[in-house]
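Notes follow once the structure below has been shown.
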Amino acid sequence: MPELPEVETVMRGLDAVLTGRRILAADIRREGLRWPFPEGLAARLAGARVLGFRRRGKYMLMRLSGGDSVLVHLGMSGRMVARPASQRADAPVAHEHLAIEVAGEDGAEGLRVGFVDPRRFGCVDLVPTAAEDGHRLLAGMGPEPLEDAFTPAVLGAALAGRRTPIKAALLDQRVVAGLGNIYVCEALFRAGIAPEREAATVPGARARRLVPEIRAVLLESIEAGGSSLRDYVRADGGLGFFQDRFRVYDREGEPCERCPNLAAPPGTRPPCPGVRRLVQAGRSTFFCPRTQR
DNA sequence: CTATCTTCCTGTGCGC
DNA sequence: TGCGCACAGGAAGATA
């Protein structure tokens, strides 16, 4: 589920309910996810105040009083689920591996926020707030696509000399941070670039177009609350609806909206066979074979 | 250095 | 309605 827009949406939801609050307790229900939870996690969480949030690529960072930040990656199936703290006993949530409880404001009931992740590809770590970007999982990450530092020149330099398909290059978090399978497919469609083309051979004009197209698709999705495929994305249980605006992702066989192939006269070959699917590096790629070159 | 493959997990949807 | 199988939003780590 979670690529940059989904992580941004989740983070904003957490910010709204957690920032400024004091953590009363942490409930750690297994040893870890992808890796063991860090030593002393519960102790650092309990009693700390939540100072704020930041996103880096697909990672979220929750700053705590005391000088630590909690680093979280949602993996493939991670969600954050918020509910009244009183529900904890009578309605256990499946695959809730870690949760924190915060006090309510003005006498309101407290809140429990749980990290739910059936596939357990997510991860949680602690890092000194002053050294967040030095964490081994964040060091070496490419530019944030929504920041000014992500320019055609920067992207061009990252793609130069790379003979890997452009699809795989854009999934590489060292090239640009936060893109995943959905948004790479969508951005390549918008920029008119064939996913199998070698990264270094994408013509300059279209390579430059990638920058605004990546930004546009990410911003549109954030505005829609991200994409909700099989899970709720938002901490408040609300659904993102960007999945309704996919132009190619998961649309194999459907007509490509850029090609008027439905209007082809009878007996003539349609100019576009519609959205195709291919497998690259073990992952589905969706694209229009006529308009992506 | 780069590129490719395997691996970690559970849930879901489909064909039979 | 059950069973087996393919596939799912990620990416680290091993290997060539």
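Numbering-wise (UniProt numbering), the first sequence opens with residue 1 and increments by one. Every residue, glycine too, gets a C-beta built ideally from N, C-alpha and C.
- Task: Output the distance between the C-alpha atoms of Leu-155 and Val-175, rounded to the nearest integer angstrom.
- Result: Within the first sequence, numbered from 1, the residue matching residue 155 stands at position 155. Within the first sequence, numbered from 1, the residue matching residue 175 stands at position 175. Each residue's alpha carbon lies about 7 Å from the other.
- Query: What residue from Arg-112, Arg-49, Thr-201, Arg-258 has the CA that sits closest to Met-80's CA?
  - Reply: Within the first sequence, the letter at position 80 stands for residue 80. Considering only alpha carbons, the answer is Arg-112.
- Message: What would DSSP say about Arg-208, mapped onto helix, strand or coil?
- Response: Counting from one through the first sequence, the residue named residue 208 turns up at place 208. Residue state, collapsed to three classes: helix.
- Which word fits Pro-195, buried or exposed, when buried means at least 16 other C-beta atoms lie within 10 angstroms of its C-beta? Here the question's residue 195 lines up with position 195 in the first sequence. Result: buried.
- Rounded distance between the beta-carbons of Ile-23 and Ala-46, thought under 8 Å: The residue labelled residue 46 in the question sits at position 46 within the first sequence. The residue labelled residue 23 in the question sits at position 23 within the first sequence. Confirmed, about 6 Å.
- Query: Straight-line CA distance for Asp-133 to Pro-255?
  - Reply: Residue numbering aside, residue 133 sits at position 133 when the first sequence is read from its first letter. Residue numbering aside, residue 255 sits at position 255 when the first sequence is read from its first letter. Using only the alpha carbons, I get a separation of about 43 Å.
- Query: Along the chain, where does the beta strand (DSSP E) that runs through Phe-286 open and close?
  - Reply: If you number the first sequence from 1, residue 286 lands on position 286. Looking at the DSSP string, the run of the beta strand (DSSP E) that includes Phe-286 is 283-287.
- Task: Measure the CB-CB distance between Arg-163 and Ala-169 and report whether it falls below 7 Å.
- Result: Within the first sequence, the letter at position 163 stands for residue 163. Within the first sequence, the letter at position 169 stands for residue 169. Not closer than 7 Å, so no.
- Message: My assumption, with CB atoms under 8 Å, is that Ile-222 sits in contact with Pro-5. Please give the rounded CB distance.
- Response: As a working note, residue 222 is residue 222 in the first sequence. As a working note, residue 5 is residue 5 in the first sequence. Sure, about 5 Å apart at Cβ, within 8 Å.
- Rounded C-alpha distance that separates Arg-83 from Thr-19: Numbered from its first residue, the first sequence carries residue 83 at position 83. Numbered from its first residue, the first sequence carries residue 19 at position 19. Cα-Cα distance, rounded: 16 Å.
- Message: Taking the straight line between their C-alpha atoms, what separation do you get for residue 295 and Phe-150?
- Response: The shown model of the chain, from 1 to 293, leaves out residue 295, and the question about it has no answer.
- Query: With respect to the beta strand (DSSP E) encompassing Tyr-249, which residues constitute its N-terminal and C-terminal limits?
  - Reply: The residue labelled residue 249 in the question sits at position 249 within the first sequence. First-last for Tyr-249: undefined, no H or E at that position.
- Message: If you follow the alpha helix (DSSP H) that Leu-155 is in, where does it begin and where does it stop?
- Response: Indexing the first sequence from 1 puts residue 155 at position 155. Unbroken alpha helix (DSSP H) run through Leu-155: 152-159.
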